[in-house]
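Order-wise, the sequence lines are chains A, B and C. With my numbering, letter number 31 in the first sequence gets 343, and the count goes up by one each step, no holes. With my numbering, letter number 195 in the second sequence gets 196, and the count goes up by one each step, no holes. With my numbering, letter number 81 in the third sequence gets 107, and the count goes up by one each step, no holes. Every residue, glycine too, gets a C-beta built ideally from N, C-alpha and C. Just so it is clear, the structure is predicted and the values come from calculations on it, not from any experiment.
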Amino acid sequence: MAEALLEVRGLKKYFPITKGVIRTKVMGLVKSVDGINFSIAPGTIFALVGESGCGKTTTSRLILLLEKATEGTILFRGEDITKLDPERVKEYKSAVQAIFQDPFSSLNPRMRIGSIIAEPLKVQKRLGKAEIQYRVEEALKQVSIDVTAARRYPHMFSGGQRQRIALARALVLNPRLIVLDEPVSALDVSIRAQTLNLLHDLQRALGISYLLISHDLATVRYMSHHVGVMYLGRIVERAECESLYDQPFHPYTQALLSAALPSHPDLVKDEIMLPGEVPSAAALPPGCRFNPRCLHRESICLDYEPELRLIRENHWVACHRQKRVD
Amino acid sequence: MDGVDFSVEQGMALGLVGESGCGKSITCLSVLRVVPEPGRIEGGEILFRGEDLVKKSEPEMRGIRGKHISMILQDPMSSLNPAYSVGEQVAEAIRIHQRLKGRSLWAKVLEILRLVRIPSAESRMYDYPHMFSGGMRQRVAGAIAVSCEPGLLIADEPTTSLDVTTQAIFLRLLKDIQKKSGLAMIFITHDFGIVAKMCDQVAVMYAGKIIENAPVREIFNNPRHPYTRALMDSVPKLEKKVSRLFNIPGQPPSLYDLAAGCAFKPRCPSGEGKCSSDEFPPVVEVGNGHRVRCWKYG
Amino acid sequence: MQRFLLSRILQSILTLLAVSFIIFSMSRWSGDPLNLLLDISATQEDKALLAKKLGLDKSLLAQYGIFLGNALRGDFGTSIVTKAPVIDLLFERALNTFELGAVAFGVSLLIALPVGVYSAVKRGTFLDTLFRVIAISGQSIPVFWLGLMLIFLFGVILKILPTGGKGGVSSLILPSITLGWYVAAGIMRLTRTSMLEVLRTEYIRLARIKGLSEWVIIWKHGFKNAALPVLTFAVLLFVMMLGGAVVTETVFAWPGLGRLVINSVTWRDYPVVQATVLFLSMLYIFANLLADILYAYLNPRIRYGG
Numbered sequence: 313m314a315e316a317l318l319e320v321r322g323l324k325k326y327f328p329i330t331k332g333v334i335r336t337k338v339m340g341l342v343k344s345v346d347g348i349n350f351s352i353a354p355g356t357i358f359a360l361v362g363e364s365g366c367g368k369t370t371t372s373r374l375i376l377l378l379e380k381a382t383e384g385t386i387l388f389r390g391e392d393i394t395k396l397d398p399e400r401v402k403e404y405k406s407a408v409q410a411i412f413q414d415p416f417s418s419l420n421p422r423m424r425i426g427s428i429i430a431e432p433l434k435v436q437k438r439l440g441k442a443e444i445q446y447r448v449e450e451a452l453k454q455v456s457i458d459v460t461a462a463r464r465y466p467h468m469f470s471g472g473q474r475q476r477i478a479l480a481r482a483l484v485l486n487p488r489l490i491v492l493d494e495p496v497s498a499l500d501v502s503i504r505a506q507t508l509n510l511l512h513d514l515q516r517a518l519g520i521s522y523l524l525i526s527h528d529l530a531t532v533r534y535m536s537h538h539v540g541v542m543y544l545g546r547i548v549e550r551a552e553c554e555s556l557y558d559q560p561f562h563p564y565t566q567a568l569l570s571a572a573l574p575s576h577p578d579l580v581k582d583e584i585m586l587p588g589e590v591p592s593a594a595a596l597p598p599g600c601r602f603n604p605r606c607l608h609r610e611s612i613c614l615d616y617e618p619e620l621r622l623i624r625e626n627h628w629v630a631c632h633r634q635k636r637v638d
Numbered sequence: 002m003d004g005v006d007f008s009v010e011q012g013m014a015l016g017l018v019g020e021s022g023c024g025k026s027i028t029c030l031s032v033l034r035v036v037p038e039p040g041r042i043e044g045g046e047i048l049f050r051g052e053d054l055v056k057k058s059e060p061e062m063r064g065i066r067g068k069h070i071s072m073i074l075q076d077p078m079s080s081l082n083p084a085y086s087v088g089e090q091v092a093e094a095i096r097i098h099q100r101l102k103g104r105s106l107w108a109k110v111l112e113i114l115r116l117v118r119i120p121s122a123e124s125r126m127y128d129y130p131h132m133f134s135g136g137m138r139q140r141v142a143g144a145i146a147v148s149c150e151p152g153l154l155i156a157d158e159p160t161t162s163l164d165v166t167t168q169a170i171f172l173r174l175l176k177d178i179q180k181k182s183g184l185a186m187i188f189i190t191h192d193f194g195i196v197a198k199m200c201d202q203v204a205v206m207y208a209g210k211i212i213e214n215a216p217v218r219e220i221f222n223n224p225r226h227p228y229t230r231a232l233m234d235s236v237p238k239l240e241k242k243v244s245r246l247f248n249i250p251g252q253p254p255s256l257y258d259l260a261a262g263c264a265f266k267p268r269c270p271s272g273e274g275k276c277s278s279d280e281f282p283p284v285v286e287v288g289n290g291h292r293v294r295c296w297k298y299g
Numbered sequence: 027m028q029r030f031l032l033s034r035i036l037q038s039i040l041t042l043l044a045v046s047f048i049i050f051s052m053s054r055w056s057g058d059p060l061n062l063l064l065d066i067s068a069t070q071e072d073k074a075l076l077a078k079k080l081g082l083d084k085s086l087l088a089q090y091g092i093f094l095g096n097a098l099r100g101d102f103g104t105s106i107v108t109k110a111p112v113i114d115l116l117f118e119r120a121l122n123t124f125e126l127g128a129v130a131f132g133v134s135l136l137i138a139l140p141v142g143v144y145s146a147v148k149r150g151t152f153l154d155t156l157f158r159v160i161a162i163s164g165q166s167i168p169v170f171w172l173g174l175m176l177i178f179l180f181g182v183i184l185k186i187l188p189t190g191g192k193g194g195v196s197s198l199i200l201p202s203i204t205l206g207w208y209v210a211a212g213i214m215r216l217t218r219t220s221m222l223e224v225l226r227t228e229y230i231r232l233a234r235i236k237g238l239s240e241w242v243i244i245w246k247h248g249f250k251n252a253a254l255p256v257l258t259f260a261v262l263l264f265v266m267m268l269g270g271a272v273v274t275e276t277v278f279a280w281p282g283l284g285r286l287v288i289n290s291v292t293w294r295d296y297p298v299v300q301a302t303v304l305f306l307s308m309l310y311i312f313a314n315l316l317a318d319i320l321y322a323y324l325n326p327r328i329r330y331g332g
């Protein structure tokens, strides 16, 4: 089996809650990411899905080294990036790039497109002006934006075009992994297809891996090879894409899929209504963190937190009730 | 907005589908006659229970707004006034439209908040909007909208900013209320999923005009207008992995400078001789209560 | 909210102490006070004696300590010029300034708030433009010019109002207008901007959709939110006005704090300077604290947390 490009083991991120006039006393912890494991193979797309507060965005920030992990390891090509010295960190950052949700704030309005795309090159390497220009033009061609755009400013472009420019900026360093945080949520519906198709094609053509963060289950099904479902800081189910959608095992995954919007009126189904609300990540329930809302709760669920267990080929669930099916 | 033509029956839900800038929000703001300056209604009729709202005076409209026709706006984070408690904001509409006061007023407020399933409503009605999550705030907005038992509820992209499960709860709530009270609804949305789940009739808007109008199953099984078809094919499906999404070339047109003739012409994957006409295609009946405005059929 | 209040009060006290130390030591920099008090023929012994009497022979820090101790008891020493206790002078003058200030400010608010709201609601109309022009002129016209012109018109030509000094109600009119115009202009413009921003919000749109009347929308929903930044700014403006009343007081010969500061600086009456500047600083620090508390109280997000 090929070595994983990115591997996350036991990753945790806790945020302290402080008290006191000068904010020194720590009263509690917000356990935003509470021990997750997953890996992304080279040339594949791994999606993290979940609702607000589940920790998927924090996870993406940890992988981009925008936050320091409280515990756990992140292995990139076998190396633990949480323990790298600054030189190696720089190398890592050229191999791992990101695209964020809001196309209107991710490009500096005071910089020309050419400079925006050239910036990562200037930071990372020492290249001549001609070489930089060449790379910028290549990047723009890859995302189907006319090369004359390099002289123009962001405000002259639509949301969809800006997202493509952000993609060009991400591609210019030939990354191995791109983190996509809700890449099309802020775009018009007819533009989404354009952007998704582009992402899809480039991924296949360049053999890049993606970490896709999204709440839209239909988009995730279209794009991904593997999916991880997050709830309150942990991955509760992780599987090869079609396996997850065809046969979800975890009650939360089932509820999520039943709540998602259908694509045809004949496919409308009754939603599984989960009781209660998502608890605060600062006050996690004992045992399985999903148990207060689970309709199939048993006594073991109140005592022990379940670990991800293989239940089928390429399909893991963290649930006490699931037995392996073969 | 240019020559819009649709109707909603009691107890039914109409989906008004289109992308941003197509004029769907303006259409519904026009129904309530709250279009912001410098927009104004230039012509046509808005018949509500047989009466033309265009001809009504401002005081008459105020008696209709919030009472007979109400609306839920898109962003729950900004549609509630941060300076007043949630209970007060629900009470306002009841106070002026149903003329309740004192204890009976607040009893009604409590009843409505319970109807939209706000937990611990008795104590939470004194809380301020910032103390509620997005999903809860949208339920409060829903409470305000149904508080005076309107005949028509317009929901403008009500679940765009909500989580998947929160959205499901909210839509289920609307459906339950509709079943109980025979409320007519108009859903403004860009999402065919909402239409599939909630609507009986669908009207598709493009560049300020309704280009297709049909019962929901008919339009999903048999989309006629190339735009409708393209839009449906460009969206990923939940139920199965599609091999490729259809890419509609170009951009939605700006309503400020529309070319003559069919507005979808520059982006249309199909096209015939008649499409080069300078006239906008007329409405054509294609059977099963299905109407289209496309030169392919007219 | 308690934590917020506690930390703000703590900050204010610390600021006040720091300011008082600076003021105290500054009055020593303008020259050895001993030279002011004695004439040139004084001998070293005379100087030493006076130094000891006034406590000027101790270290700066010790002198500051004494100063602070006295100040807390309300004893700011005696005026070099009038030989009367500074505190009495300060008190009397402060009262006068407050009187003028309160009238000027009160009338300003009464006029500026409704005008600001009207301007916002009727944006672009002739009256809106007119009001804005008057407001900007109010902020651009030098105060002394305005005062002099008013005196000239009403006191000299028309002879219907007194030309200066503190007398009955009629003597308040012209100085209040002069002092208040600037403040009114500032409040009016801020109200207008704040209202315009609020009127664009979704909750105002929803209020209209509910079928509420325009009056309710503007005042209950609009103004309630728009007033917040205006009122907190107004508190600061009030205190700035008091401190800046110097020119108005001079033009109108109004016996207030502003004139006191100017005169006592000219006469090197350092106990008075010290006390007045310290008093004005205290007012300003207190106004800032009050503005913060007011904002926290009026803003439900801070008041109720959650």
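- Task: Whole angstroms is fine: what's the gap from V159 (chain C)'s alpha carbon to S145 (chain C)'s?
- Result: As a position in the third sequence, residue 159 (chain C) is number 133, starting the count at 1. As a position in the third sequence, residue 145 (chain C) is number 119, starting the count at 1. The C-alpha of V159 (chain C) lies about 11 Å from the C-alpha of S145 (chain C).
- Can you name the start and end residues of the alpha helix (DSSP H) that D558 (chain A) belongs to? As a first step, residue 558 (chain A) must be located in the first sequence, where it is residue number 246. Note, D558 (chain A): alpha helix (DSSP H), 553–558.
- Simplified DSSP assignment, three categories, for N349 (chain A): In the first sequence, the residue the question calls residue 349 (chain A) occupies position 37. Strand, per DSSP.
- Task: Could you have a look at E315 (chain A) and say whether DSSP puts it in helix, strand or coil?
- Result: For the purposes of this step, residue 315 (chain A) is taken as residue 3 along the first sequence, with counting starting at 1. It is coil, neither helix nor strand.
- Task: Label M137 (chain B) either buried or exposed according to how many other C-beta atoms from any shown protein chain fall within 10 Å of its C-beta, with 16 as the threshold for buried.
- Result: Residue numbering aside, residue 137 (chain B) sits at position 136 when the second sequence is read from its first letter. With a threshold of 16 other beta carbon atoms within 10 Å, M137 (chain B) meets it and is buried.
- For N251 (chain C), go through chain B and note every residue whose CB falls closer than 9 Å to its CB, in chain order. On the third sequence, residue 251 (chain C) is found 225 positions in, with the first residue counted as 1. The answer, in chain order, is N82, P83, A84.
- Closer than 8 Å by beta-carbon distance: list the chain A residues that pair up with A1 (chain B), in chain order. Because chain B is modelled from 2 through 299, residue 1 (chain B) falls outside the range shown and cannot be assessed.
- When burial is assigned at 16 or more other CB atoms within 10 Å of the CB, is L378 (chain A) buried or exposed? Translated into positions along the first sequence, residue 378 (chain A) becomes position 66. It is exposed - the Cβ of L378 (chain A) has fewer than 16 other Cβ atoms within 10 Å.
- Message: Distance check for G384 (chain A) and L277 (chain A), CA to CA, integer angstroms please.
- Response: Because chain A in this structure spans residues 313 to 638, residue 277 (chain A) falls outside the shown range and cannot be described.
- Message: Please report the straight-line C-alpha distance between A264 (chain B) and H512 (chain A), rounded to a whole angstrom.
- Response: On the second sequence, residue 264 (chain B) is found 263 positions in, with the first residue counted as 1. On the first sequence, residue 512 (chain A) is found 200 positions in, with the first residue counted as 1. Counting only the Cα atoms, H512 (chain A) lies some 30 Å from A264 (chain B).
- Message: Buried or exposed, going by whether 16 or more other CB atoms sit within 10 Å of the CB of A530 (chain A)?
- Response: As a position in the first sequence, residue 530 (chain A) is number 218, starting the count at 1. Residue burial annotation: A530 (chain A) is buried, with at least 16 other C-beta atoms found within 10 angstroms of its C-beta.
- Task: List the endpoints of the continuous beta strand (DSSP E) containing N214 (chain B).
- Result: Walking along the second sequence from the start, residue 214 (chain B) turns up at place 213. Membership of N214 (chain B) in the beta strand (DSSP E) is indicated by the continuous run 210–216.
- Could you tell me the distance, in whole angstroms, from the CA atom of V345 (chain A) to the CA atom of M542 (chain A)? Looking up residue 345 (chain A) in the first sequence gives position 33. Looking up residue 542 (chain A) in the first sequence gives position 230. Linking V345 (chain A) to M542 (chain A) through their CA atoms gives a straight-line distance of about 10 Å.
- Query: Can you name the start and end residues of the alpha helix (DSSP H) that E93 (chain B) belongs to?
  - Reply: To locate residue 93 (chain B), count along the second sequence from 1; it is residue 92. Per DSSP, E93 (chain B) belongs to the alpha helix (DSSP H) from 87–98.
- Buried or exposed: M175 (chain C), going by 16 or more other Cβ atoms within 10 Å of its Cβ? Within the third sequence, the letter at position 149 stands for residue 175 (chain C). It is exposed - the Cβ of M175 (chain C) has fewer than 16 other Cβ atoms within 10 Å.
- Item | Neighbourhood of V303 (chain C) by C-beta distance below 6 Å, restricted to the same chain and skipping five residues each side | Reading the third sequence from its first residue, position 277 is the one you call residue 303 (chain C). Contacts found: I49.
- Task: Write down the C-beta distance between K250 (chain C) and A84 (chain B) rounded to the nearest angstrom, noting that I regard them as a contact closer than 8 Å.
- Result: The count along the third sequence starts at 1 and reaches residue 250 (chain C) at position 224. The count along the second sequence starts at 1 and reaches residue 84 (chain B) at position 83. Indeed, because the Cβ distance is near 5 Å, the residues count as touching under 8 Å.
- Give the residues of chain E in contact with N509 (chain A), contact being defined as C-beta atoms less than 8 Å apart. The question asks about chain E, but that chain is absent: this structure's protein chains are A, B and C.
- Query: chain A partners of R218 (chain B), CB-CB under 8 Å?
  - Reply: As a working note, residue 218 (chain B) is residue 217 in the second sequence. Per Cβ cutoff of 8 Å: P577, D578.
- Item | Same chain, Cβ closer than 8 Å to G127 (chain C), five either side skipped, listed in chain order | Here residue 127 (chain C) is taken as the residue at index 101 of the third sequence, counted from 1. Non-local C-beta neighbours of G127 (chain C) in its own chain, meaning closer than 8 Å and more than five positions away in sequence, comprise L205, F264, M267, L268, A271, ordered along the chain.
- Give a yes or no on whether the minimum CB-CB distance between E223 (chain C) and chain B is below 8 Å. Counting from one through the third sequence, the residue named residue 223 (chain C) turns up at place 197. Closer than 8 Å: no.
- Message: Would R149 (chain C) and L283 (chain C) qualify as a contact pair, given that the criterion is a beta-carbon distance under 8 Å?
- Response: The residue labelled residue 149 (chain C) in the question sits at position 123 within the third sequence. The residue labelled residue 283 (chain C) in the question sits at position 257 within the third sequence. The answer is no: Cβ separation not under 8 Å.
- Item | Within chain B, partners of T531 (chain A) - CB distance below 8 Å | To locate residue 531 (chain A), count along the first sequence from 1; it is residue 219. Within chain B, the residues near T531 (chain A) are P237.
- V203 (chain B) and A185 (chain B): beta carbons closer than 8 Å? As a working note, residue 203 (chain B) is residue 202 in the second sequence. As a working note, residue 185 (chain B) is residue 184 in the second sequence. Their beta carbons are not under 8 Å apart, which means V203 (chain B) does not touch A185 (chain B) by this criterion.
- For F327 (chain A), does the three-state DSSP call read helix, strand or coil? Translated into positions along the first sequence, residue 327 (chain A) becomes position 15. If DSSP states are grouped into helix, strand and coil, F327 (chain A) belongs with the strands.
- Same chain, Cβ closer than 7 Å to G248 (chain C), five either side skipped, listed in chain order: Within the third sequence, numbered from 1, the residue matching residue 248 (chain C) stands at position 222. Taking C-beta separations shorter than 7 Å and ignoring five residues to either side along the sequence, the partners of G248 (chain C) in its chain run M221, V224, L225, I230, following chain order.
- Buried versus exposed call for K331 (chain A) [16 or more other C-beta atoms within 10 Å across all chains shown]: As a working note, residue 331 (chain A) is residue 19 in the first sequence. Exposed.
- Task: May I ask you to report which of helix, strand or coil DSSP gives Y522 (chain A)?
- Result: Sequence index remark: in the first sequence, residue 522 (chain A) carries index 210 (1-based). Note: Y522 (chain A) maps to strand in three-state DSSP.
- Message: Need the endpoints of the beta strand (DSSP E) that Y207 (chain B) sits in, please.
- Response: Your numbering for residue 207 (chain B) matches position 206 in the second sequence. Judged by DSSP secondary structure, Y207 (chain B) falls within the beta strand (DSSP E) whose first and last residues are 202–207.
- Ignoring anything shorter than 4 residues or poking outside the segment 73–141 of chain C, list the alpha helix (DSSP H) runs there in chain order. If we require 4 residues or more, the alpha helix (DSSP H) runs fully inside the segment 73–141 of chain C come out as 86–98.
- Are G142 (chain C) and A279 (chain C) touching if we call contact CB-CB under 8 Å? Along the third sequence, one-based indexing puts residue 142 (chain C) at 116. Along the third sequence, one-based indexing puts residue 279 (chain C) at 253. Not in contact: G142 (chain C) and A279 (chain C) (Cβ atoms no closer than 8 Å).
- Cβ of T229 (chain B) within 8 Å of any chain A Cβ: For the purposes of this step, residue 229 (chain B) is taken as residue 228 along the second sequence, with counting starting at 1. Closer than 8 Å: no.
- Item | Interface partners of D586 (chain A) on chain B, CB under 8 Å | The residue you call residue 586 (chain A) lines up with position 274 of the first sequence. Correcting the residue type first, residue 586 (chain A) is Leu in the shown sequence and not Asp. Going along chain B in sequence order, the residues near L586 (chain A) (Cβ under 8 Å) are T166.
- Can you give me the Cβ contacts of L324 (chain C) inside the same chain, cut-off strictly under 6 Å, excluding the 5 residues immediately before and after it? Stepping through the third sequence from its first residue, residue 324 (chain C) is reached at position 298. By the criterion of a C-beta distance shorter than 6 Å, L324 (chain C) is surrounded in its chain by L254, once the five residues flanking it on both sides are discounted.
- Task: Under the assumption that R294 (chain B) contacts I212 (chain B) (Cβ atoms under 8 Å), give the Cβ distance between them as a whole number of angstroms.
- Result: Here residue 294 (chain B) is taken as the residue at index 293 of the second sequence, counted from 1. Here residue 212 (chain B) is taken as the residue at index 211 of the second sequence, counted from 1. So it is a contact: roughly 5 Å between Cβ atoms.
- Query: Are I520 (chain A) and R488 (chain A) closer than 8 Å when you measure CB to CB?
  - Reply: On the first sequence, position 208 is the one that residue 520 (chain A) refers to. On the first sequence, position 176 is the one that residue 488 (chain A) refers to. Contact: yes.
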